[in-house]
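Asker:
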Amino acid sequence: MAGTVHVLGAGLAGLAAALTLSAEGRKVIVHEAANKAGGRCRSYHDPLLNRVIDNGNHLMMSANDHVFAWLDDIGARSRVAVTDPAAYPFVNVETGERWTVRPNRGPIPWWIFVPSRRVRGARIRDFLEGIRLLRADPEKTVADCLSQDTMLWRRFWEPLTVGALNCAPHEGAAALLAEVHRRTFAKGEAFSRPVFVKESLADALIDPAIALLERRGVQVRLRSRVRALQYDSDRLNGFATTREEIVLHTDDRVIMALPSWVAAELMPEIGPPSGARMILNLHFLLDGKPDLPPVTGLTGSIAQWLFIKGEVASVTVSAADPFAETPADDISARIWPEIAVALGTPGAPQPPCRVVKEKRATFLQTPANEKRRPGAVTHWSNLFLAGDWTDTGLPATIEGALQSGRTAAASAMAQSGGPS
Ligand SMILES: Cc1cc2nc3c(=O)[nH]c(=O)nc-3n(C[C@H](O)[C@H](O)[C@H](O)COP(=O)(O)OP(=O)(O)OC[C@H]3O[C@@H](n4cnc5c(N)ncnc54)[C@H](O)[C@@H]3O)c2cc1C
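Using the working numbering, the final residue of the sequence shown is 582, and nothing's skipped along the way.
1) If you count every other CB in all the chains shown that lies within 10 Å of the CB of N254, and 16 or more means buried, which is it?
2) Roughly how many angstroms separate the alpha carbons of A576 and V324, rounded to a whole number?
3) For G363, verify whether its CB is less than 6 angstroms away from any heavy atom of ligand 1.
4) Is V424 near ligand 1, going by C-beta to nearest heavy atom under 6 angstroms?
5) Quick check: the stretch 232 to 242 against the stretch 356 to 376, are there 3 or more CB pairs under 8 angstroms?
6) Going by the beta-carbon positions, is the gap between G334 and Q565 smaller than 7 angstroms?
7) Check whether the stretch 464 to 472 touches the stretch 409 to 428, counting contact only when three or more Cβ pairs, one atom from each stretch, lie closer than 8 angstroms.
8) By the 10 Å Cβ neighbour count, where 16 or more other Cβ atoms means buried, how is A548 classified, buried or exposed?
9) Over the uninterrupted alpha helix (DSSP H) stretch that includes N531, give me the two end residues.
10) State the Cα-Cα distance for the pair V304 and N531, rounded to the nearest angstrom.
11) Tell me W498's beta-bridge partners as DSSP assigns them.
12) Report all residues from its chain with a CB closer than 7 angstroms to the CB of P300; omit the five preceding and five following residues, and keep chain order.
13) For the alpha helix (DSSP H) holding I236, just list the boundary residues, first then last.
14) Can the beta-carbon of T124 be found closer than 7 angstroms to that of G562?
15) Please confirm whether any heavy atom of ligand 1 lies closer than 6 angstroms to the CB of E520.
16) Return the chain-ordered ranges of every beta strand (DSSP E) run that is complete within the stretch 459 to 547 and spans a minimum of 3 residues.
17) Only counting the same chain, and skipping five residues up and downstream in sequence, which positions put a Cβ closer than 6 angstroms to that of A572?
18) Who are the Cβ neighbours of G580 in its own chain at under 7 angstroms, not counting the five residues just before and after it?
19) Does ligand 1 have even one heavy atom less than 6 angstroms from the beta-carbon of H228?
20) Which residues in the same chain have their Cβ closer than 6 angstroms to the Cβ of E291, if we skip the five residues on either side of it in sequence?
21) Which class does S573 belong to by DSSP, given the choice of helix, strand or coil?
22) Could you compute how far the alpha carbon of F289 sits from the alpha carbon of I432?
23) Under 8 angstroms: do the stretch 365 to 376 and the stretch 166 to 178 share three or more Cβ pairs, one atom per stretch?
24) Touch check for the stretch 209 to 223 and the stretch 436 to 454: three-plus C-beta pairs under 8 angstroms?
25) By how many angstroms is the C-alpha of E473 removed from the C-alpha of A199?
26) Using DSSP with H/G/I as helix, E/B as strand and the rest coil, what is V359?
27) Would the beta-carbon of C329 be found less than 6 angstroms away from any heavy atom of ligand 3?
28) Alpha carbon to alpha carbon, how far is M429 from D396?
29) Using only alpha-carbon positions, find the residue among R316, H207, F546 that is nearest to P331.
30) Just confirm the distance between the C-beta atoms of R378 and N544, as a whole number of angstroms; I'd bet it's less than 8 angstroms.
31) Ordered along the chain, which non-local residues of its own chain (more than five positions away) have a Cβ less than 7 angstroms from that of D483?
32) Considering only the beta carbon of each residue, do G400 and V388 sit closer than 7 angstroms?
33) Would W551 pass as a contact of P455 if the rule is Cβ separation under 7 angstroms?
34) What do you get for A194, buried or exposed, if any count of 16 or more other CB atoms within 10 angstroms of its CB means buried?
Next up, the structure:
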């Protein structure tokens with residue numbers, strides 16, 4: 163029998179690693195600091211709203227192969243909804259204008275020539291700038307590649323950058339946005355469909371995975387924070403959690419699937435990307451279910467996306483660091499008026515609201531940090547890395563986290579001579 167694989171962190175990266183290893187019959191133990199799995203992709207009952215809410219709205223896309231493979235593995239495909247055909251309704255909260263972006267089938271983007279399908283007010287030559295983005299070199303930011311005085315910038319590229327990279331366009335790595343664009347809009351409608359969870363993140367992405375891991379005999383040790391790693395120049399010898407001291411045997415492996423800032427504290431030699439950016443979510447409990455699509459893009463506003471789930475209107479503000487110290491009530495008072503416009507009830511009084519600040523939602527996705535993203539294999543022979551910040555070629559997303567977990571598991575098995 164080959165050794166145990168210890169997975170540190172039960173976010174999606176760690177869970178994907180654990181699921182891949184357990185499918186091959188490996189003995190796996192997951193060590194997680196929190197009292198539940200899911201990490202930055204989690205749900206909980208909120209007493210103020212008396213509803214289950216997510217820590218933040220998560221938008222996925224039909225191009226996300228790892229997401230769909232994950233849903234199939236854990237038997238949860240029916241727990242997400244896909245807008246088919248792709249359609250992105252938008253509202254400008256300053257002017258009240260509404261329009262819907264509808265990419266066409268196939269890779270030739272004729273939708274950009276059809277006024278009713280493209281971004282309202284954008285010129286065709288502005289769309290062609292997308293080609294410049296696709297050719298961006300690794301040193302460039304998004305702002306280096308695209309003109310910022312166009313309607314397309316204000317209504318498409320800027321919100322897309324802030325949404326996909328969670329930072330300002332003058333910070334965000336153009337190559338990362340280009341990769342998103344290449345895999346989605348540049349391939350046509352079938353790859354550009356919005357995908358979102360029907361009930362909650364936990365219901366669709368986490369709980370079914372935990373149930374499957376338990377059926378396979380994987381232990382997920384909650385409230386088990388990794389405090390220190392013991393290592394020498396070429397091998398990890400053990401680690402300490404708040405529950406126990408683990409001594410690693412020759413055949414044991416460790417997959418570290420912790421956020422970059424925790425990895426940096428425990429093992430600075432890894433030298434992961436530095437810095438993070440915040441995402442703010444506001445959950446408003448309305449009187450009834452509004453007559454709006456499940457996801458609407460917002461422009462001319464502080465917030466970028468409005469999600470409707472039953473009577474709860476949830477709003478995302480990415481790159482929200484300027485609000486880090488602002489009291490929750492002040493934030494909701496500033497944002498509610500724009501949401502009231504989007505809901506078609508301008509001037510309506512503010513309903514109860516829960517504000518969730520995720521101060522470290524993603525690592526800072528700059529060109530400099532792109533170069534610092536490590537691969538799964540390290541020079542410590544029994545240590546492998548996973549997490550949305552590792553070198554996935556993708557922004558910090560669910561898709562990237564799942565991909566990284568699978569890659570780390572495959573590397574750990576390859577190194578230990580395959581499944582026993
Ligand atoms: C508000 C918000 C909105 C987002 N929106 C989107 C979106 O629209 N689309 C999208 O694709 N992605 C989105 N993301 C990003 C996505 O959630 C992350 O990329 C993904 O969940 C990261 O997974 P991970 O496993 O790499 O990291 P994590 O989820 O951070 O997992 C790491 C785990 O390690 C645990 N841990 C930390 N320290 C220790 C320790 N010392 N010992 C043991 N365990 C420890 C943590 O508790 C956590 O469970 C969003 C993120 C946030 C926060």
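Glycine included, C-beta positions come from ideal geometry on N, C-alpha and C.
What you are looking at is a predicted structure, and each value in this text was computed from that prediction instead of being measured.
Answerer: With the given structure in hand:
1) It is buried - the Cβ of N254 has at least 16 other Cβ atoms within 10 Å.
2) About 38 angstroms.
3) Checking the sequence, you will find Leu at residue 363 rather than Gly. The closest heavy atom of ligand 1 lies 6 angstroms or more from the beta carbon of L363.
4) Checking every heavy atom of ligand 1 against the Cβ of V424, one is found closer than 6 angstroms.
5) Counting Cβ pairs under 8 angstroms, three or more are found: they touch.
6) The answer is no: Cβ separation not under 7 angstroms.
7) The stretch 464 to 472, when compared against the stretch 409 to 428, does not touch it at the 8 angstroms Cβ threshold.
8) Answer is buried; the Cβ neighbour count reaches 16.
9) For N531, the enclosing alpha helix (DSSP H) begins and ends at 529 to 532.
10) In a straight line, the C-alpha of V304 is about 14 angstroms away from that of N531.
11) Paired residue(s): none; W498 is not in a bridge.
12) Correct list, in chain order: A337, P529, E532.
13) Annotation for I236: the continuous alpha helix (DSSP H) segment containing it runs 227 to 236.
14) Past the edges of the chain, shown from 163 to 582, lies residue 124, and the structure says nothing about it.
15) The answer is yes for E520.
16) If you keep only unbroken beta strand (DSSP E) runs of at least 3 residues inside the stretch 459 to 547, you get 467 to 471, 474 to 479, 515 to 525, 545 to 547.
17) Contacts found: none.
18) Interpretation of G580 is limited by its pLDDT of 44, a score under 50 that renders its predicted location unreliable; no figure is taken from the coordinates.
19) At a cut-off of 6 angstroms, the beta-carbon of H228 does not count as near ligand 1: no heavy atom of the ligand is closer than that.
20) Within the same chain, and ignoring the five residues on either side of E291 in sequence, the residues whose Cβ sits closer than 6 angstroms to its Cβ are L308.
21) In the structure shown, S573 sits in a helix (DSSP, three-state: H, G or I).
22) Going by the C-alpha atoms only, they are around 40 angstroms apart.
23) These segments touch.
24) A contact exists between the stretch 209 to 223 and the stretch 436 to 454.
25) Rounded to whole angstroms, A199 to E473 spans 26 angstroms at the Cα level.
26) Assignment of V359 by DSSP, reduced to helix, strand and coil, places it in the strand class.
27) Questions concerning ligand 3 fall outside what the structure shown contains, since the ligands it does hold are ligand 1.
28) So the alpha carbons of these two residues sit roughly 13 angstroms apart.
29) When C-alpha distances from P331 are compared across R316, H207, F546, the shortest belongs to R316.
30) With a contact defined as Cβ atoms closer than 8 angstroms, R378 and N544 miss out at about 22 angstroms.
31) Cβ neighbours of D483 beyond the five flanking positions: R439, M440.
32) Contact: no.
33) No, they are not a contact pair.
34) The sequence as given places Glu at residue 194; Ala does not occur at that position. E194 comes out buried.
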